[in-house]
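Before any comments, here is the structure.
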Amino acid sequence: MTATTTEQDFGSRKGAALVAGGTGGIGAAVVRTLARRGATVLFTYRSNRDAADALTAELRAEGAQVESVQSDLTDEVSATGAIGSTVDRFGALHTLVYAAGPHVPMTHLSQVPPSRYREQLHTDALAFYHLVHPALAPLRESAGNVVAVTTAATRRYPVRDGLSSGAKGAVEAVVRALAAEEGRYGVRFNCVGPGMLTDGIAARLIADGELDDSALQVTRRNIPLRRFGTAQDIAEAVAFLSSERAGFITGQHLSVDGGYTV
Numbered sequence: 021m022t023a024t025t026t027e028q029d030f031g032s033r034k035g036a037a038l039v040a041g042g043t044g045g046i047g048a049a050v051v052r053t054l055a056r057r058g059a060t061v062l063f064t065y066r067s068n069r070d071a072a073d074a075l076t077a078e079l080r081a082e083g084a085q086v087e088s089v090q091s092d093l094t095d096e097v098s099a100t101g102a103i104g105s106t107v108d109r110f111g112a113l114h115t116l117v118y119a120a121g122p123h124v125p126m127t128h129l130s131q132v133p134p135s136r137y138r139e140q141l142h143t144d145a146l147a148f149y150h151l152v153h154p155a156l157a158p159l160r161e162s163a164g165n166v167v168a169v170t171t172a173a174t175r176r177y178p179v180r181d182g183l184s185s186g187a188k189g190a191v192e193a194v195v196r197a198l199a200a201e202e203g204r205y206g207v208r209f210n211c212v213g214p215g216m217l218t219d220g221i222a223a224r225l226i227a228d229g230e231l232d233d234s235a236l237q238v239t240r241r242n243i244p245l246r247r248f249g250t251a252q253d254i255a256e257a258v259a260f261l262s263s264e265r266a267g268f269i270t271g272q273h274l275s276v277d278g279g280y281t282v
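So for the sequence shown, my numbering puts the first residue at 21; every next one is plus one.
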């Protein structure tokens, strides 16, 4: 693979990066970006084995070292196993990216019963904790870092997004707490908050009709750049925060949203 200097951010790192949710729109972009910039990458998938195999084959054909592992992050044992697999296979864990999470419909919170909200917390906020807690020891050993992909909606709330932003807000609170507690070991924790994208969950909302043309027009008017972003925009932010170029940045939320939260 040919590469510029910035494209070898991870070439000298011992061990591997673990990307949770590597077959999603954002997760796959993160896997590609880290791998193409020199990282050995292990990514998790929950059920889409075909997509995982295709992504692995694509990047191996480019000369990257990429592997996948099936993991249900809502299960503590399974999530812990993903961390263990990374360390066992590659000797160390230097980067953990949480890009997982279920599709979340847009609905008013008045229409969300507590049982549904509890489910969302379990499949997102608790899943993140299942993954990050067993990662602390190997991250201390490598002075590594964690990047959680959350949402710009924790900074500026779009109506009907409470089911998503509530759980992501819990993830962000844990990220800030761990940044404060683990910094003495050299471990960094940050968040990237996607705004409206042309792929990922936003694409599914458009395809499902939950965001019609009128809603999309209003959304664009609320974005200073007057356009939607892409999964690659998010991957670029994740790669930066994961790299040594961001070595003095921790406990932060970087909204990648075209200015929506301005």
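Glycine included, every Cβ here is placed at the ideal spot set by N, Cα and C.
DSSP beta-bridge partners of residue i
| i | result |
| --- | --- |
| residue 88 | 63 |
| residue 117 | 39 and 167 |
| residue 273 | 211 |
| residue 217 | 249 |
Simplified DSSP assignment, three categories, for residue i
| i | result |
| --- | --- |
| residue 231 | coil |
| residue 282 | coil |
| residue 83 | coil |
| residue 249 | strand |
| residue 54 | helix |
| residue 30 | coil |
| residue 267 | coil |
| residue 243 | coil |
| residue 142 | helix |
| residue 76 | helix |
| residue 262 | helix |
| residue 238 | helix |
| residue 44 | coil |
First through last residue of the beta strand (DSSP E) which encompasses residue i
| i | result |
| --- | --- |
| residue 209 | 208-214 |
Range of the contiguous alpha helix (DSSP H) that encloses residue i
| i | result |
| --- | --- |
| residue 152 | 147-162 |
| residue 174 | Segment: none, residue 174 is in no alpha helix (DSSP H) and carries neither H nor E. |
| residue 105 | 96-110 |
| residue 133 | Element bounds for residue 133: n/a, residue is neither H nor E. |
| residue 183 | 182-202 |
CB-CB length for residue i against residue j, believed under 8 Å
| i | j | result |
| --- | --- | --- |
| residue 121 | residue 144 | 5 Å |
| residue 31 | residue 64 | In fact, because the Cβ distance is near 23 Å, the residues do not count as touching under 8 Å. |
| residue 62 | residue 87 | 5 Å |
| residue 60 | residue 77 | At roughly 16 Å, the Cβ-Cβ gap does not stay under 8 Å, so residue 60 and residue 77 are not in contact. |
| residue 276 | residue 214 | 6 Å |
| residue 217 | residue 225 | That belief does not hold up - the Cβ atoms of residue 217 and residue 225 are roughly 10 Å apart, past 8 Å. |
Query raised in the report: Counting pairs of Cβ atoms below 8 Å between the region 183-201 and the region 256-276, do you hit three or more?
Result: yes
Query raised in the report: When the Cβ atoms of the region 151-164 are set against those of the region 97-116, are three or more pairs found closer than 8 Å?
Result: yes
Query raised in the report: Counting Cβ pairs, one atom from each stretch, are 3 or more of them under 8 Å apart for the region 166-177 and the region 105-118?
Result: yes
Query raised in the report: With contact counted as at least three CB pairs below 8 Å, one residue from each stretch, are the region 124-141 and the region 41-51 in contact?
Result: no
Requested in this report: Could you tell me whether the region 170-178 touches the region 127-137, where touching means 3 or more Cβ pairs closer than 8 Å?
Outcome: no
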